[in-house]
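Asker: According to our numbering, the sequence shown is numbered sequentially starting from 12.
We put the CB at the ideal spot given by N, CA and C, even for glycine.
For reference, the structure I am asking about is given below.
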Amino acid sequence: MTKNDPKTKKACFTGHRKEGLPFGADESREECRKLISLLEEQIERLYNEKGVRVFISGMALGTDQIAAEAVIRFRETHKDVVLVAALPCTDQCKSWKMAEQDRYYGILALADHVYTLEPEYVDGCMLARNRFMVNNCEYVIAVWNGKRIGGTWSTVSYARSNNRTLTIINPVTFDVTEEKKKIQ
12 MTKNDPKTKK ACFTGHRKEG LPFGADESRE ECRKLISLLE EQIERLYNEK GVRVFISGMA
72 LGTDQIAAEA VIRFRETHKD VVLVAALPCT DQCKSWKMAE QDRYYGILAL ADHVYTLEPE
132 YVDGCMLARN RFMVNNCEYV IAVWNGKRIG GTWSTVSYAR SNNRTLTIIN PVTFDVTEEK
192 KKIQ
């Protein structure tokens with residue numbers, strides 16, 4: 012199995028932006044280090060147990076970028092791993108602070124593939140990006156607090172309705188649960 016083989020297993024990330032995470036933008040906090048550790052464990056588990064070689068990030072602030080950086084670190088010792096950046100639009104980061112843009116472009120420079128759904132922001136492009144990611148993977152890793160509002164909830168619901176294997180990391184309790192794909 013090679014990374015360009017259509018049978019290559021893929022996983023995507025969904026999760027709260029920094030405002031929805033217990034540590035906010037302060038990634039030096041213990042809660043962030045614990046979340047990063049759990050993401051790294053899930054990346055390694057999917058790699059070893061499920062044969063996942065492609066990981067897709069939507070590149071939003073917060074979970075998406077934290078997860079993308081975890082994949083980049085994992086790829087240092089697992090050369091067959093591919094990072095895909097799925098962008099809702101080319102101007103996704105235009106209103107972000109300069110340091111946030113620098114981080115974003117730094118991750119994009121290290122991505123193996125970048126897919127952009129829209130040339131500029133349009134209503135629904137974030138939802139389209141989330142569905143693109145779920146439609147192009149078998150596994151979804153969700154950093155989700157269980158609240159039934161927002162983009163993460165929408166993506167978790169879409170993954171469930173499309174019978175994806177879903178791993179949920181609660182960023183408050185740090186519980187990790189897996190919902191396996193139903194046999195059809």
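Is the Cβ-Cβ distance between Asp123 and Val93 less than 8 angstroms?
Answerer: On the sequence shown, residue 123 is found 112 positions in, with the first residue counted as 1. On the sequence shown, residue 93 is found 82 positions in, with the first residue counted as 1. A contact, by the Cβ cut-off of 8 angstroms.
Asker: Please list the terminal residues of the continuous alpha helix (DSSP H) segment that includes Tyr126.
Answerer: As a first step, residue 126 must be located in the sequence shown, where it is residue number 115. Counting along the chain, Tyr126 falls outside any alpha helix (DSSP H), though it belongs to the beta strand (DSSP E) covering 124-127.
Asker: Need the endpoints of the alpha helix (DSSP H) that Lys45 sits in, please.
Answerer: In the sequence shown, counting from the first residue as 1, residue 45 sits at position 34. Here the alpha helix (DSSP H) through Lys45 covers 41-56.
Asker: Check Cys28 in the structure and name its three-state DSSP category.
Answerer: Reading the sequence shown from its first residue, position 17 is the one you call residue 28. It is worth fixing the name first, because residue 28 is Arg in this sequence and not Cys. In this structure, Arg28 counts as coil in the three-state DSSP scheme.
Asker: If you draw a straight line from the alpha carbon of Asn181 to that of Glu189, how long is it in whole angstroms?
Answerer: Counting from 1 along the sequence shown, the entry for residue 181 is found at position 170. Counting from 1 along the sequence shown, the entry for residue 189 is found at position 178. Answer to the nearest angstrom: the Cα atoms are 11 angstroms apart.
Asker: Tell me whether Ile152 sits in a helix, a strand or coil according to DSSP, three-state version.
Answerer: Taking the first residue of the sequence shown as 1, we reach residue 152 at position 141. Residue state, collapsed to three classes: strand.
Asker: Skipping 5 residues on each side, what residues in its chain have a beta carbon closer than 7 angstroms to that of Ala36?
Answerer: Residue mapping note: residue 36 aligns to position 25 of the sequence shown, counting from 1. If we look at Ala36 and ignore the five residues flanking it on each side, its Cβ neighbours are Lys29.
Asker: From Thr206 to Lys191, what does the alpha carbon distance come to, in whole angstroms?
Answerer: The chain is shown only over 12 to 195; residue 206 falls outside these bounds and no answer can be derived.
Asker: Rounded to a whole number of angstroms, what is the C-alpha to C-alpha distance between Ala120 and Ser106?
Answerer: Locating residue 120 in the sequence shown gives position 109, where the first residue counts as 1. Locating residue 106 in the sequence shown gives position 95, where the first residue counts as 1. Whole-angstrom Cα-Cα distance: 20 angstroms.
Asker: With a 10 Å radius around its C-beta and 16 neighbouring C-beta atoms as the bar for buried, classify Glu41 as buried or exposed.
Answerer: For the purposes of this step, residue 41 is taken as the residue at position 30 of the sequence shown. Exposed is the call here.
Asker: What does DSSP give as the partner residues of Leu177 in its beta bridges?
Answerer: Looking up residue 177 in the sequence shown gives position 166. Paired residue(s): Val151, Glu190.
Asker: Suppose contacts are defined by Cβ-Cβ distances below 8 angstroms. Is Gln76 in contact with Arg44 by that definition?
Answerer: Here residue 76 is taken as the residue at index 65 of the sequence shown, counted from 1. Here residue 44 is taken as the residue at index 33 of the sequence shown, counted from 1. No, the Cβ-Cβ distance between Gln76 and Arg44 is not below 8 angstroms.
Asker: On the criterion of 16 or more Cβ atoms from any shown chain inside 10 Å, does Arg159 qualify as buried, or is it exposed?
Answerer: Looking up residue 159 in the sequence shown gives position 148. Exposed, because fewer than 16 other Cβ atoms sit within 10 Å of the Cβ of Arg159.
Asker: Can you give the Cα-Cα distance for Ser68 and Thr25, rounded to whole angstroms?
Answerer: Position 57 of the sequence shown holds residue 68. Position 14 of the sequence shown holds residue 25. Distance between the alpha carbons of Ser68 and Thr25 is about 8 angstroms.
Asker: Going by beta carbon distance, what residues of the same chain come within less than 6 angstroms of Thr176, once the five residues before and after it are set aside?
Answerer: On the sequence shown, residue 176 is found 165 positions in, with the first residue counted as 1. Cβ within range, chain order: Tyr150, Lys191, Lys192.
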